[in-house]
Structures are given as structure tokens and as C-alpha cells.
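K.L.:
Just so you know, the protein sequences line up as chains A and B, in that order. Residue numbering for the first sequence follows the working numbering, starting at 21 and increasing by one per position. Residue numbering for the second sequence follows the working numbering, starting at 6 and increasing by one per position. Dropping a structure here in C-alpha cells format, bear with me for questions.
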Amino acid sequence: MTETLTNPVLTLLRLIPGVETLSDGMQVLLSGFLAGVILFAFIAVFALYAVYLERKVAGHVQDRLGPMEVGWHGLLQTIADAIKLLNKEDFAPKDVDTKLFTLAPFLVFMTALSVFVVFPYDSQVSIANLNIGIFYVIAISSIAVPAVIMAGWSSNNKWSLFGAMRSAAQIVSYEIPVGLSIICVIMVVGHMGMQEIVEFQGGGFWKWVIFRSFPFNFIAFFIFFLGSLAEVNRTPFDLPEAESELVAGFMTEYSGMRWAFFFLAEYGNMLAVGLVGAALFLGGWQPPFEFLSFVPGWLWFILKALVLIFVQIWLRWTLPRLRVDQLMYVCWKVLVPFAFVCIIGVGLWEVLT
Amino acid sequence: MGRYFRDIYISVFTVLKGMYVTMLHFFSKSVTVQYPKERLEIPKGSRNQLLNIIEDCIGCDQCVRACPVNCIYMETIKSFEGDELGETSTGRKKSLWIPSFTIDMAKCCFCGLCTYPCPTECLIMTDVYEYSKHDRNDLIFEFADLDPIKAAELREKDAIRKKEKEAAKLAKLKAKEAAAKAKAEKEAAEEGKTPEKKPEDNPDKKTDNSGEENS
Numbered sequence: 021m022t023e024t025l026t027n028p029v030l031t032l033l034r035l036i037p038g039v040e041t042l043s044d045g046m047q048v049l050l051s052g053f054l055a056g057v058i059l060f061a062f063i064a065v066f067a068l069y070a071v072y073l074e075r076k077v078a079g080h081v082q083d084r085l086g087p088m089e090v091g092w093h094g095l096l097q098t099i100a101d102a103i104k105l106l107n108k109e110d111f112a113p114k115d116v117d118t119k120l121f122t123l124a125p126f127l128v129f130m131t132a133l134s135v136f137v138v139f140p141y142d143s144q145v146s147i148a149n150l151n152i153g154i155f156y157v158i159a160i161s162s163i164a165v166p167a168v169i170m171a172g173w174s175s176n177n178k179w180s181l182f183g184a185m186r187s188a189a190q191i192v193s194y195e196i197p198v199g200l201s202i203i204c205v206i207m208v209v210g211h212m213g214m215q216e217i218v219e220f221q222g223g224g225f226w227k228w229v230i231f232r233s234f235p236f237n238f239i240a241f242f243i244f245f246l247g248s249l250a251e252v253n254r255t256p257f258d259l260p261e262a263e264s265e266l267v268a269g270f271m272t273e274y275s276g277m278r279w280a281f282f283f284l285a286e287y288g289n290m291l292a293v294g295l296v297g298a299a300l301f302l303g304g305w306q307p308p309f310e311f312l313s314f315v316p317g318w319l320w321f322i323l324k325a326l327v328l329i330f331v332q333i334w335l336r337w338t339l340p341r342l343r344v345d346q347l348m349y350v351c352w353k354v355l356v357p358f359a360f361v362c363i364i365g366v367g368l369w370e371v372l373t
Numbered sequence: 006m007g008r009y010f011r012d013i014y015i016s017v018f019t020v021l022k023g024m025y026v027t028m029l030h031f032f033s034k035s036v037t038v039q040y041p042k043e044r045l046e047i048p049k050g051s052r053n054q055l056l057n058i059i060e061d062c063i064g065c066d067q068c069v070r071a072c073p074v075n076c077i078y079m080e081t082i083k084s085f086e087g088d089e090l091g092e093t094s095t096g097r098k099k100s101l102w103i104p105s106f107t108i109d110m111a112k113c114c115f116c117g118l119c120t121y122p123c124p125t126e127c128l129i130m131t132d133v134y135e136y137s138k139h140d141r142n143d144l145i146f147e148f149a150d151l152d153p154i155k156a157a158e159l160r161e162k163d164a165i166r167k168k169e170k171e172a173a174k175l176a177k178l179k180a181k182e183a184a185a186k187a188k189a190e191k192e193a194a195e196e197g198k199t200p201e202k203k204p205e206d207n208p209d210k211k212t213d214n215s216g217e218e219n220s
């Protein structure tokens, strides 16, 4: 409780006159609401420009220019798209299970949003500094699986069901190598709180977890990156959407703002995965060199995450989609054994030094 | 086991190679153009919208006959005595009024066959390729520049002339027939055998036909 009461959102909230007179519980409730609004705005703005980045990268990889018309070099293109989506009719097909159909996009987005609570945006700045931070991230992101199945099942559509099944199988499978690679980090740091993990990596880039107990954590980072790619359903692991086979997977029947919420969740997950990767392996808000510490920590954190996101996009426009059996092969026969080897290697390293 | 590791090595290597290739494309120049703002030059001899320079057209009708889809419509009226039609830019004398010269570009198949026979090279393929319209009738292009009142006048005059000509022709034909008749009568008077031949032939033919029908 004391930790929650000292969070930055609450201090922000206390700037409003009259809030101090409210009870503690009320203040926490209000700060939670405020945090939700701030995170939503953050993710929405990020998603707008991530889509723009995605389209630009796609364009230049294919020797095109990408969006160029709306705004300078198409900077306002995604805003125009979002306005179009907002104006669309709130439409549900006749035979869908209306309750689940309407609930699913918000549940998916909720999981994407609530992960952001524990990230260490700067030293001493995180909305809730849980001592089991990374465990919380893994746990919360699992809620996306039932939400996606809800979307696929309630749509009453074969494509949707296929997509949802694939997505569930994929996310559940890939959580294992991701979890194992995170264990490698936790073994080095000895703590599960995100803030502690980042603080552990201070003092130059060679102190980052990715370069600890070389090469085991280095491999663990790649396992984490590949696994997280699969968890957020991006190419080459975008079988749940697979627009050339399944129309749009579990999103097939969705349109307008409900579809936009799926989309927002997808890009929010991209950012979340990038931020987790940056915090766990690349030193979070720590600068790569001591003399660069004048640059604010949150900027380092976002920059590192953006690099990872750029690589995700780059990979998307480079690689074709995997087949289902290949997907499972990569997970169970390659990533999981390698992750176990990494755990053993890190453990031996930590014991011997 | 060896194959397992080789597979992993190959997949990692090929992924990196693919990423290298796509990275090179980040820096290569875009092959597309921002179309309505910038355009590529159209190749020489390309076939697009047709244009008839009506000042040079002599109304020879060759393009109409060359067209495989019949999308060119031309109406010509022979000049009357005293009409001054002028010359084409190549110095050829014009002798036909052209009240209408229409090309239906919706039907056109862009074969270009109409441009080759044109003796004055007035029917040409331009480099205009954006002429989409909301109504199909807007794709019918009219090239004749003759004043409609003048055209109507000419048509009337032409109709009168045609009538006169026909009347003259008819008169001529009648005269000819009369002459032929007179000649035949004259001949028949001289020789009595020839008129008898016809009745002999006709019965033969009739019997032949009836026989075919029965069988």
C-alpha cells in the first residue's frame, strides 16, 4: 500500500486541489483511473505512429514510398484512418454471440493495457512497482488467450475459429520459451521486480543482462525475442491472422471501433514486448555509457524499445509466414531445448563465479 | 543430430541474409512515382486517345474502313460548285464537307490501324491517357468543326441534289429502256424467230425444279 501511495500518478493527482481531503482508498481509485487514461493516450499515440512506421518501412523495403499524401510525408495518415474507423457503424453480424462478441475486444485491449503498469519508465518512476513485476507481466498477458478464443468462438465464423485456435495454441506454446528465457534473467539478477532488474544493470552497456554469463543470456535474449514475436502474433508467426488464408483470423467479423481495439491491442502488445525486452536485457532506462546519463532515462527506455520494434517490423517485411507444424517445431524442438541449455549454463556460471 | 544443428544454422543464416537484403532496399531509390503529381514519360509510338486534326481531314473514309471495331463514324457531303474548301497543310485540295466525324473511344481497341492509311496524317494517337468519364456517352468524341446550321443547310442541299440526280438517273434509265425496247422491237420485226425461244426454255426449267422438290 505504501508503494502504491508514492507512485508518480498519485503525486500528479495530488496537484489537483481538494484531492488530499479524500480518503486513501478513493485517492488510489482515482489514481488508477488517471493512470488508465494516461496509458491509453500513450498507447493510442504510439499505435498511430507505429502503424505509420510499419507502413513506411514496408514501403521502403518494397522500393515504394508508403503513405505520402495526408500531411507531410503522410504523417497524419493514420489519424485520418482512425477518424474513419470512429465514424463507422457499430455493427455485429446476426448470428454472433453478442455478449462475448462485444466483450472480447475490450478484454484483449485490457490485457495489453494492464501490462504497462509495472514498467520502470525511469528511475523511481513506475505506476506500480511490484516486487513480482515480470511475473505479473507473464500472468496478465495470458488473459489474452481466453479473450481471443472468445472473439473467435462468438463470431460464429470458420475463419475466426481457426484463427482463435491457432492463436491460443501459439500463445500457450510460446509462453514456455519466453518464460524460460526470462528465468535466465531472473537467475542473474536475483529479483523479479522490474525496477530492481533495471537498477542491477547500471554502469555501461557491458553490464546489461544480455552480456552477462555470455553467451547464455545472449541466446536467451534471442529466444525471448522470437517467442515474444509469436506471442504478439507478428510475422513470421502471424498464423492467427494470416490474411492470405484466414481473411483476418479472429478479427474477421469485427469492424469499426471494435476492430480498432484489436488493432490497438496488437500495437500495444508490440510496444509492451519491446519494453520488456529493453528492461530485462538491454538495461531499461540505463544509458549505455556513463557520460550519456544526461539524456533522460525514459528516453533511453523508449529508444531501446523502439529499436526492438523496428527489428520486429523489419522482420515482418522480410520473412514469409511459417506453417503450423513448423511453428510448433520451432517452439518445442528448438527454442525450448535451447532455453533449458541457457538456464543450465547461466546457473553454472552464477555458481562458479 | 547433425542435421538438427545444420537446420538451425541454415535458418538463422538465411534469416540474417534476408534481413540484409531488405536493409539494402531501405536505401535504394523508390521505383514508384507519385502519380498525379509526377508522371513517367510515355514511350514513343504508344497508342492512347485518338485525335483528328479536322483542318487536314479530306474525308477519304479510309480510317472508317480500317477500323476493326467500327468506332469511327464519318459523314461526308460532296462540295457544291463554287464552294471554297481550302487546302490541307500538305497542300492537298479538299473536296468534301465533313459535317460530323465521331470516334467512340469506349469502343476503340487501340490497335492504331486507323492511323496508318490516313493520307494526310491527320488522324493520330495522342499521349493523352486519362480521359475516364462518369458517363459512357462522354467518351464519344466529336471532331467536326462545321457549324450545325451550315451542316443542316448542306444536308438539305445534298438531299435536293441527290433527288435531282436520282430523277436524272431514272430519266436516263427510262430513256435507255425505251431505246432498248425500241431496238428489240425493231430487231423482232426483222427476225421472227427470237421471241419464240423464251417460252421453250421456261417449261424445261419448271419441270426440273418440280422433279428436285419431289425427290
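Note that the Cβ used here is the ideal one computed from N, Cα and C, for glycine as well.
Report the rounded CA-to-CA distance for B:C65 versus B:F106, giving the unit in angstroms.
P.N.:
In the second sequence, the residue the question calls residue 65 of chain B occupies position 60. In the second sequence, the residue the question calls residue 106 of chain B occupies position 101. B:C65 and B:F106: Cα-Cα distance of roughly 12 Å.
K.L.:
If you measure between the beta carbons of A:L284 and A:R341, is that distance less than 8 Å?
P.N.:
Here residue 284 of chain A is taken as the residue at index 264 of the first sequence, counted from 1. Here residue 341 of chain A is taken as the residue at index 321 of the first sequence, counted from 1. Against a cut-off of 8 Å, the Cβ pair of A:R341 and A:L284 comes out as no contact.
K.L.:
Determine, using beta carbons only, whether B:F10 comes closer than 8 Å to chain A.
P.N.:
As a first step, residue 10 of chain B is located in the second sequence; it is residue number 5 there, counting from the start. No - not a single Cβ of chain A is within 8 Å of the one on B:F10.
K.L.:
Taking B:G23 as the query, report the chain A residues whose CB atoms sit under 8 Å from its CB, ordered along the chain.
P.N.:
As a working note, residue 23 of chain B is residue 18 in the second sequence. Under the 8 Å cutoff, chain A gives T338 and L339.
K.L.:
By DSSP, does B:P104 sit in helix, in strand, or in coil?
P.N.:
Taking the second sequence and counting its residues from 1, one reaches residue 104 of chain B at position 99. Residue state, collapsed to three classes: strand.
K.L.:
Looking at the C-beta of A:M277, does it have a partner C-beta in chain B at a distance below 8 Å?
P.N.:
For the purposes of this step, residue 277 of chain A is taken as residue 257 along the first sequence, with counting starting at 1. No, because no Cβ of chain B sits closer than 8 Å to the Cβ of A:M277.
K.L.:
Using beta-carbon positions only, say whether B:T93 and B:T125 come within less than 8 Å of one another.
P.N.:
Here residue 93 of chain B refers to the residue found at position 88 when the second sequence is read from its first residue. Here residue 125 of chain B refers to the residue found at position 120 when the second sequence is read from its first residue. Yes.
K.L.:
Whole-angstrom Cβ separation of B:I108 and B:F146, contact assumed at under 8 Å?
P.N.:
By 1-based counting over the second sequence, the position of residue 108 of chain B is 103. By 1-based counting over the second sequence, the position of residue 146 of chain B is 141. That belief holds up - the Cβ atoms of B:I108 and B:F146 are roughly 5 Å apart, short of 8 Å.
K.L.:
Need the endpoints of the alpha helix (DSSP H) that A:M46 sits in, please.
P.N.:
Start at 1 with the first residue of the first sequence, and residue 46 of chain A comes out as number 26. Its alpha helix (DSSP H) spans residues D44 to V81.
K.L.:
Show which residues of chain C have a CB atom less than 9 Å away from the CB atom of B:F31.
P.N.:
Given the protein chain composition of this structure (A and B), no chain C is represented.
K.L.:
Between B:I39 and chain A, is any beta-carbon pair separated by less than 8 Å?
P.N.:
Here residue 39 of chain B refers to the residue found at position 34 of the second sequence. Note that residue 39 of chain B corresponds to Gln in the displayed sequence, not to Ile. Chain A, which has a Cβ nearer than 8 Å to the Cβ of B:Q39, makes this yes.
K.L.:
Pick helix, strand or coil for B:V38, following the three-state DSSP scheme.
P.N.:
Taking the second sequence and counting its residues from 1, the one referred to as residue 38 of chain B is at position 33. Coil at B:V38, not helix or strand.
K.L.:
Mind checking if A:A70 is an interface residue toward chain B, Cβ cutoff 8 Å exclusive?
P.N.:
The residue given as residue 70 of chain A occupies position 50 in the first sequence. For A:A70, the answer is no, since every Cβ of chain B falls outside 8 Å of its Cβ.
K.L.:
Give the residues of chain B in contact with A:R186, contact being defined as C-beta atoms less than 7 Å apart.
P.N.:
Counting from 1 along the first sequence, the entry for residue 186 of chain A is found at position 166. Here the premise fails: no neighbours, minimum Cβ distance about 21 Å.
K.L.:
Since A:E261 and A:I191 are thought to touch, with beta carbons under 8 Å apart, how far apart are those beta carbons, to the nearest angstrom?
P.N.:
Indexing the first sequence from 1 puts residue 261 of chain A at position 241. Indexing the first sequence from 1 puts residue 191 of chain A at position 171. In fact, because the Cβ distance is near 13 Å, the residues do not count as touching under 8 Å.
K.L.:
Please state whether DSSP places A:L25 in a helix, a strand or coil.
P.N.:
Mapped onto the first sequence, residue 25 of chain A falls at position 5. Low confidence applies to A:L25: its pLDDT is 44, below 50, so where it sits in the model is not reliable, and the reading given next is rough at best. Helix at A:L25.
K.L.:
Kindly list the residues whose CB is nearer than 8 Å to the CB of A:V356, restricted to its own chain and excluding five residues on each side of it in sequence; keep chain order.
P.N.:
Residue mapping note: residue 356 of chain A aligns to position 336 of the first sequence, counting from 1. Excluding residues within five positions, the ones whose Cβ falls inside 8 Å are I196, P197 and L200.
K.L.:
At the level of alpha carbons, what is the spacing between A:S43 and A:V135?
P.N.:
Translated into positions along the first sequence, residue 43 of chain A becomes position 23. Translated into positions along the first sequence, residue 135 of chain A becomes position 115. Each residue's alpha carbon lies about 27 Å from the other.
K.L.:
Just to confirm, is the Cβ distance from A:F236 to A:V366 under 8 Å?
P.N.:
Here residue 236 of chain A refers to the residue found at position 216 of the first sequence. Here residue 366 of chain A refers to the residue found at position 346 of the first sequence. Yes. Within cutoff.
K.L.:
Give the interface partners of B:I103 over in chain A, defined as CB-CB distance under 9 Å, in chain order.
P.N.:
Counted from its first residue, the second sequence places residue 103 of chain B at position 98. Those within 9 Å of B:I103 in chain A number zero; the least Cβ separation is about 45 Å.
K.L.:
With a threshold of 7 Å on Cβ separation, who are the neighbours of A:F360 within its own chain once the five nearest residues in sequence on each side are excluded?
P.N.:
Translated into the one-based positions of the first sequence, residue 360 of chain A becomes position 340. Hits under 7 Å: L200.
K.L.:
Counting beta carbon pairs with one atom in the segment 72 to 90 of chain A and one in the segment 27 to 45 of chain B, are three or more of them shorter than 8 Å?
P.N.:
Contact between the segment 27 to 45 of chain B and the segment 72 to 90 of chain A is present, because at least three Cβ pairs lie under 8 Å.
K.L.:
Between A:Q306 and the rest of its own chain, which residues show a CB-CB distance below 6 Å, the 5 nearest in sequence each way excluded?
P.N.:
Looking up residue 306 of chain A in the first sequence gives position 286. Excluding sequence neighbours, A:Q306 sits near Q221 and G222.
K.L.:
Looking only at C-alpha atoms, which of A:G224, A:V116, A:E273 and A:D345 sits nearest to A:S193?
P.N.:
By 1-based counting over the first sequence, the position of residue 193 of chain A is 173. The shortest C-alpha separation from A:S193 is found at A:D345.
K.L.:
Please say whether A:W337 and A:A78 have beta carbons closer to each other than 8 Å?
P.N.:
Counting from 1 along the first sequence, the entry for residue 78 of chain A is found at position 58. Counting from 1 along the first sequence, the entry for residue 337 of chain A is found at position 317. Contact flag set, yes.
K.L.:
Considering B:T81, what are the terminal residues of the beta strand (DSSP E) in which it resides?
P.N.:
Walking along the second sequence from the start, residue 81 of chain B turns up at place 76. It spans I77 to K83 - the beta strand (DSSP E) in which B:T81 sits, taken as one unbroken run.
K.L.:
Are the Cβ atoms of B:F85 and B:K168 separated by less than 8 Å?
P.N.:
Counting from 1 along the second sequence, the entry for residue 85 of chain B is found at position 80. Counting from 1 along the second sequence, the entry for residue 168 of chain B is found at position 163. In this structure, B:K168 does not lie closer than 8 Å to B:F85 by Cβ.
K.L.:
Using a C-beta to C-beta distance shorter than 7 Å, which residues of chain B count as neighbours of A:V344?
P.N.:
Numbered from 1 along the first sequence, position 324 holds the residue referred to as residue 344 of chain A. Within chain B, no residue comes near A:V344; the closest Cβ sits about 17 Å away, beyond 7 Å.
K.L.:
So is A:R254 in contact with chain B if we call contact Cβ pairs under 8 Å?
P.N.:
What you label residue 254 of chain A is simply residue 234 of the first sequence in a count that begins at 1. Taking Cβ atoms only, chain B never reaches closer than 8 Å to A:R254, which makes this a no.
K.L.:
For B:Y134, count the other beta carbons within 10 Å of its own beta carbon; 16 or more makes it buried, fewer makes it exposed. Which is it?
P.N.:
Position 129 of the second sequence, counted from the start, is the residue given in the question as residue 134 of chain B. So B:Y134 ends up on the exposed side.
K.L.:
Relative to the alpha-carbon of A:L302, which residue among A:W179, A:K178 and A:M214 has its alpha-carbon at the smallest distance?
P.N.:
Residue mapping note: residue 302 of chain A aligns to position 282 of the first sequence, counting from 1. It is A:M214.
K.L.:
So is A:L259 in contact with chain B if we call contact Cβ pairs under 8 Å?
P.N.:
By 1-based counting over the first sequence, the position of residue 259 of chain A is 239. For A:L259, the answer is no, since every Cβ of chain B falls outside 8 Å of its Cβ.
K.L.:
Find the residues of chain B that neighbour A:R84, judging by a C-beta separation of less than 7 Å, and give them in chain order.
P.N.:
Along the first sequence, one-based indexing puts residue 84 of chain A at 64. Correct list: S35 and T37.
K.L.:
Taking the alpha-carbon of A:S187 as reference, which of A:N253, A:R34 and A:F241 has the nearest alpha-carbon?
P.N.:
Within the first sequence, residue 187 of chain A is the residue found at index 167, counting from 1. When only C-alpha atoms are compared, the closest one is A:N253.
K.L.:
Tell me B:K98's beta-bridge partners as DSSP assigns them.
P.N.:
One-based indexing of the second sequence puts residue 98 of chain B at position 93. B:K98 is bridged to B:E92.
K.L.:
Taking the CB atoms as reference points, tell me whether A:I329 and A:L291 lie closer together than 8 Å.
P.N.:
Locating residue 329 of chain A in the first sequence gives position 309, where the first residue counts as 1. Locating residue 291 of chain A in the first sequence gives position 271, where the first residue counts as 1. Taking 8 Å as the Cβ cut-off, A:I329 and A:L291 qualify as a contacting pair.
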